[in-house]
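Each step along the sequence shown adds one to the number in this note's numbering, with nothing skipped, and position 306 is 292.
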Amino acid sequence: MSFAIDDVTVNLIDTPGHPDFLAEVERVLSVLDGAVLVVSAVEGVQAQIRVLMRTLRRLRIPTLIIVNKIDRGGARYERVTDHDDALLAAYVDDETSLSDSHLHAQLAAQTRRALVHPVFFGSAITGAGVAALITGIRDLLPAAPGDADGPVSGTVFKVERGPAREKIAYVRMFSGTLRARDRLRLRRDGAGKVTGISVFDRGSAAAGPSIAAGQIGKLWGLTDVQVGDAIGIPRATATGERYFAPPTLETIVVPGRPAGKGALHTALTLLAEQDPLINVRQDDIRQELFVSLYGEVQKEVIQATLASDFGIDVTFRETTTIYLERPVGAGALPVLARLRAVPRAPAIRGSSCLLEGEIPAASVPELEQRLPGITRGEGTADCAFDHYQPVNGAIPTRPVSAP
Ligand SMILES: Nc1nc2c(ncn2[C@@H]2O[C@H](COP(=O)(O)OP(=O)(O)OP(=O)(O)O)[C@@H](O)[C@H]2O)c(=O)[nH]1
Ligand SMILES: [Mg+2]
């Protein structure tokens, strides 16, 4: 949805806060200019908030924090700010020689670089603090640069199906102007022609002839389109990487009618095709269909999507944990082997994983350097001296820094 604050147009993408819907947040991260993280003063900083904040910081997405529900009994601000380093209030040196406007400019500059994350307090019910937040969005978050006359560049962050099961792609335009009837290349093999455009503007989506840099809208006609596709020129920063750890759960999807297995397979494959975050696999022996999940509630969404988009009723078996290659992210083991580390079997506790083992002291700095890459930024390393070991071959040297 889109609204105006003075002369600034804000395109707002609302995502669910429940951890089961992490995938919905993942899909939009690459198209954000800034974020407003809503924290409840009653519930305090929940695990989900930490995951989101850590990711927003890692991706350097400018973020404002609003502590909501301060009207409620039991609301305690300090619960939210005191006990979490990641949620530290904006800190600016309070030198008396600096003017307010200078400080404000500093705050805006540092917020835009995602160095600080200003914290607001308010209540959506009473409206307290809302005006300050709105001013903060206008003044502190960056306005997207975007040249409507430049080369066409946009990113698809959501795909849904319309009443006639036609694909509708949600796109955020970064540059250029896309017009109805424009032909597009999608990835290497796909192509398509835009047959309809609707742009989010002042509270609603209106059909129009074109969509330009800075706008968010819906595109019709792109039958091959997938979430994450570039429209026109891919953004230089697009890496295709995943931001959150992949789902750790999976379940078997059972069609309402036994004969419906083929149709269900097709439907799930179509869903997975348009959305890389939906993972489907078929068990070769028992021919059962598995989907991976972030949590139980996601089953309801899959069930509803299959019913509304494909007319297929399904039930689910009990959810199980995926153990496959789970430990420290793909690519971790080759890295550890190269560092001459000897890992023991990983211990999985809920969504976290503990990997213990031995590593030569000389490899520790490189391990620390590569850890974010092989654990999607989620991992931490604790090292302690264990033993000396005889050296084979040339005696290793370590650079000594000048005193
Ligand atoms: N007392 C009080 N209740 C609030 C306030 N803001 C929201 N609520 C209530 O909190 C509940 C959840 O509000 P939502 O707006 O659905 O919250 P949300 O963060 O969008 O939730 P998800 O989309 O499910 O993640 C509703 O019952 C609201 O009425 C507030 O400032 N004060
Ligand atoms: Mg909501």
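Ideal Cβ placement from N, Cα and C applies to all residues, glycine included. Since the model is a prediction, treat every value here as computed from it, not as a measurement.
Which two residues bound the contiguous alpha helix (DSSP H) that contains M159? Element bounds for M159: not the alpha helix (DSSP H) but the beta strand (DSSP E), K153 to S161.
Cutoff 7 Å; reference L18; Cβ partners in own chain excluding five residues on either side: Closer than 7 Å at the Cβ level, and outside the excluded window around L18, lie I47.
How should H373 be labelled, buried or exposed, when 16 other C-beta atoms within 10 angstroms of its C-beta is the threshold for buried? The C-beta of H373 has fewer than 16 other C-beta atoms within 10 Å across all chains shown, which makes the residue exposed.
Between A253 and F296, which are expected to be in contact by the criterion C-beta below 8 Å, what is the C-beta distance as a whole number of angstroms? Approximately 4 Å separates the beta-carbon atoms of A253 and F296; this is inside 8 Å, confirming the contact.
Please go through the same chain and pick out, in chain order, the residues whose beta-carbon is closer than 6 Å to the beta-carbon of I(-9), but skip the five residues on each side of it. Short of 6 Å from the beta carbon of I(-9), and not among the five residues preceding or following it, lie these beta carbons of its own chain, in chain order: I120 and R124.
For D0, which three-state DSSP category applies? Residue state, collapsed to three classes: coil.
Are the beta-carbon atoms of L89 and P104 separated by less than 8 Å? In this structure, L89 lies away from P104, with their beta-carbon atoms at least 8 Å apart.
What is the rounded straight-line gap between the Cα of A333 and the Cα of E12? Their backbone Cα atoms lie some 26 Å apart in a straight line.
If you drop the 5 nearest sequence neighbours on each side, which residues of the same chain put their C-beta closer than 8 Å to that of D6? If we look at D6 and ignore the five residues flanking it on each side, its Cβ neighbours are L279, Y280, G281, E282, V283 and Q284.
Taking all protein chains shown into account, do 16 or more other C-beta atoms lie within 10 angstroms of the C-beta of K179, making it buried, or fewer, making it exposed? It is exposed - the Cβ of K179 has fewer than 16 other Cβ atoms within 10 Å.
With a threshold of 7 Å on Cβ separation, who are the neighbours of E146 within its own chain once the five nearest residues in sequence on each side are excluded? Closer than 7 Å at the Cβ level, and outside the excluded window around E146, lie I154.
Please tell me whether, using a cut-off of 7 Å, the distance from the CB of V24 to the nearest non-hydrogen atom of ligand 1 is below it. Checking every heavy atom of ligand 1 against the Cβ of V24, one is found closer than 7 Å.
What residues in its chain sit with their C-beta under 7 Å from that of A130, if we drop five residues either side in the sequence? Within the same chain, and ignoring the five residues on either side of A130 in sequence, the residues whose Cβ sits closer than 7 Å to its Cβ are D19 and G200.
Got a sec: does ligand 1 put a non-hydrogen atom nearer than 7 Å to the Cβ of N54? Result yes, Cβ under 7 Å from ligand 1.
Considering only C-alpha positions, which residue in the set S26, E274 and D133 is nearest to F106? Ranking the options by Cα distance to F106, first place goes to S26.
Using a threshold of 7 Å, is the CB atom of G3 nearer than that to any non-hydrogen atom of ligand 1? Yes; taking the cut-off as 7 Å, the Cβ of G3 has a heavy atom of ligand 1 nearer than that.
Let me check you understand the geometry: is the CB of D0 closer than 7 Å to at least one non-hydrogen atom of ligand 2? D0 Cβ: within cutoff of ligand 2.
Expressed to the nearest angstrom, what Euclidean distance is found between the alpha-carbon atoms of V350 and C369? Distance from the CA atom of V350 to the CA atom of C369, rounded to whole angstroms, is 8 Å.
Please classify D175 as buried or exposed, where buried requires at least 16 neighbouring CB atoms within 10 angstroms. A residue is called buried once 16 or more other Cβ atoms fall within 10 Å of its Cβ, and D175, having fewer, is exposed.
Any heavy atom of ligand 1 closer than 7 Å to the beta-carbon of A9? A9 Cβ: outside cutoff for every heavy atom of ligand 1.
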